[in-house]
Amino acid sequence: MSPVKIILTLIPFIWTIGMIPFVNRVKPMVMGLPFLAFWLVAGIIVAFLCIKALYAIDSKNNKEAE
Numbered sequence: 006m007s008p009v010k011i012i013l014t015l016i017p018f019i020w021t022i023g024m025i026p027f028v029n030r031v032k033p034m035v036m037g038l039p040f041l042a043f044w045l046v047a048g049i050i051v052a053f054l055c056i057k058a059l060y061a062i063d064s065k066n067n068k069e070a071e
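Using the numbering used here, you'd call the opening residue of the sequence shown number 6 and step up by one each time.
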């Protein structure tokens, strides 16, 4: 497994689980949400982008193998 795949796999985990102690606060309000809620919603978007990038990398590898 390449280092890029490992990093793309770890980013969502670190974003949601690893950073919670550092972002667990109510203020500032971002788009009407407490900061922690905004952070978790943003984490869903980041996880989607990481999975999309992993899929693109993997499908490129599958095409080369055929």
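Note that the Cβ used here is the ideal one computed from N, Cα and C, for glycine as well.
DSSP-derived helix/strand/coil call for residue i
{"i": "residue 9", "result": "helix"}
{"i": "residue 51", "result": "helix"}
{"i": "residue 31", "result": "coil"}
First through last residue of the alpha helix (DSSP H) which encompasses residue i
{"i": "residue 28", "result": "25-28"}
Per-residue burial, residue i [other beta carbons within 10 Å of its own, 16 or more giving buried]
{"i": "residue 37", "result": "exposed"}
{"i": "residue 23", "result": "exposed"}
Presumed contact (8 Å Cβ cut-off) between residue i and residue j, rounded CB distance
{"i": "residue 35", "j": "residue 43", "result": "4 Å"}
{"i": "residue 21", "j": "residue 45", "result": "7 Å"}
{"i": "residue 54", "j": "residue 10", "result": "About 14 Å separates the two Cβ atoms, so there is no contact after all."}
{"i": "residue 8", "j": "residue 51", "result": "Wrong, their Cβ atoms sit about 19 Å apart, outside the cutoff."}
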